[in-house]
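Chains as they are written, first to last, in the numbering used here: chain A, 1 to 115; chain B, 1001 to 1112.
The structure appears right after this line, and notes come after that.
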Amino acid sequence: GNSVTQMEGPVTLSEEAFLTINCTYTATGYPSLFWYVQYPGEGLQLLLKATKADDKGSNKGFEATYRKETTSFHLEKGSVQVSDSAVYFCALRLQQSNTGNQFYFGTGTSLTVIP
Amino acid sequence: DAGITQSPRHKVTETGTPVTLRCHQTENHRYMYWYRQDPGHGLRLIHYSYGVKDTDKGEVSDGYSVSRSKTEDFLLTLESATSSQTSVYFCAIREGQSYGYTFGSGTRLTVV
């Protein structure tokens, strides 16, 4: 089946620390991969995406590389800020049929950045 | 901005009562989705729609029904609410083939 596994949180880091949130996937076919971010009290927002192997998605200092050989899409940021505190979701999307795509989400990783 | 609005934002209801949540979009997108978000489960798909009157079940559809009588509105109904349906519900739309989904701000539903 299709699934996404991401590292369990919560993760607590000091400001300017390096961030890695691991994400691996299982999929039939050739998925697109996404990271979403959810700030407190809000819906999910697209952070970055990659649509094929070896693509690197990047946004707001965050990066993730689509690694087909290890079925991974780890999220990284070199220097986190307090404003990065949020819940991060890894997701994959497969083309199911002509009735629409479907997403599969990980369980989310809560990040808290302390000054 | 995709212009997606969910209502109500918060609701408390009693077990056994019917509840309808509304998702409204302003940009004529074909695909709309309802998810529920629960700790330890992430987001799980309840139902989705690929056009007016065209809907299909997701992985956790039991106890829920949906309707889409016009493009802009996608309604999620709990016919007889149970405590296990206490959750945060998110509506999403798909803006294009190469994009991810855009999510609404969510509805926090508590069934007491």
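Ideal Cβ placement from N, Cα and C applies to all residues, glycine included.
Exercise. Return the CA-CA distance between A/S110 and A/V87, expressed in angstroms with no decimal places.
Key: Linking A/S110 to A/V87 through their CA atoms gives a straight-line distance of about 4 Å.
Practice problem: Give the residues of chain B in contact with A/T107, contact being defined as C-beta atoms less than 8 Å apart. | Solution: Within chain B, G1040, H1041, G1042 have C-beta atoms less than 8 Å from the C-beta of A/T107, given in sequence order.
Practice problem: Report back the beta-carbon spacing between A/F103 and B/Y1101 to the nearest angstrom; my notes put them in contact at under 8 Å. | Solution: Right, their Cβ atoms sit about 6 Å apart.
Quiz item: Where does A/D84 sit, in a helix, a strand or coil, going by DSSP?
Solution: The answer is helix: DSSP assigns A/D84 an H, G or I state.
Quiz item: Roughly how many angstroms separate the alpha carbons of B/T1017 and B/D1054, rounded to a whole number?
Solution: Their backbone Cα atoms lie some 26 Å apart in a straight line.
Quiz item: Would you say B/F1090 faces chain A, with C-beta separation under 8 Å as the test?
Solution: Output row for B/F1090: interface = yes.
Quiz prompt | Closest Cα partner of A/L94 within the set A/Y30, A/G9, A/L47 | solution = The option with the nearest alpha carbon to A/L94 is A/Y30.
Quiz item: How should A/F18 be labelled, buried or exposed, when 16 other C-beta atoms within 10 angstroms of its C-beta is the threshold for buried?
Solution: That one is exposed.
Practice problem: Flag B/T1103 as yes if its beta-carbon sits less than 8 Å from any beta-carbon of chain A, otherwise no. | Solution: The sequence shown places Phe at residue 1103 of chain B, not Thr. B/F1103 counts as touching chain A.
Quiz item: Taking DSSP as the reference, what is the three-state secondary structure of B/S1061?
Solution: Correct three-state label for B/S1061: coil.
Self-check item: Own chain, CB closer than 6 Å to B/Q1085, minus 5 neighbours either side, in chain order
Solution: Its chain contains L1078, V1111 as the residues whose beta carbon lies nearer than 6 Å to that of B/Q1085, once the 5 sequence neighbours on both sides are disregarded; these appear in chain order.
Quiz item: Any heavy atom of the ligand HEM within a distance shorter than 7 Å of the CB on B/P1018?
Solution: Of the ligands one can find in the structure shown there are none, so the ligand HEM has no counterpart to examine.
Quiz item: Who are the Cβ neighbours of A/Y66 in its own chain at under 7 Å, not counting the five residues just before and after it?
Solution: Contacts found: L33, A50, K52, A53, D54, D55, F73.
Practice problem: Please report the Cβ distance between A/G108 and B/S1105, rounded to the nearest whole angstrom; I am assuming they are in contact, meaning their Cβ atoms lie under 8 Å. | Solution: The pair is not a contact, with the Cβ atoms about 17 Å apart (cut-off 8 Å).
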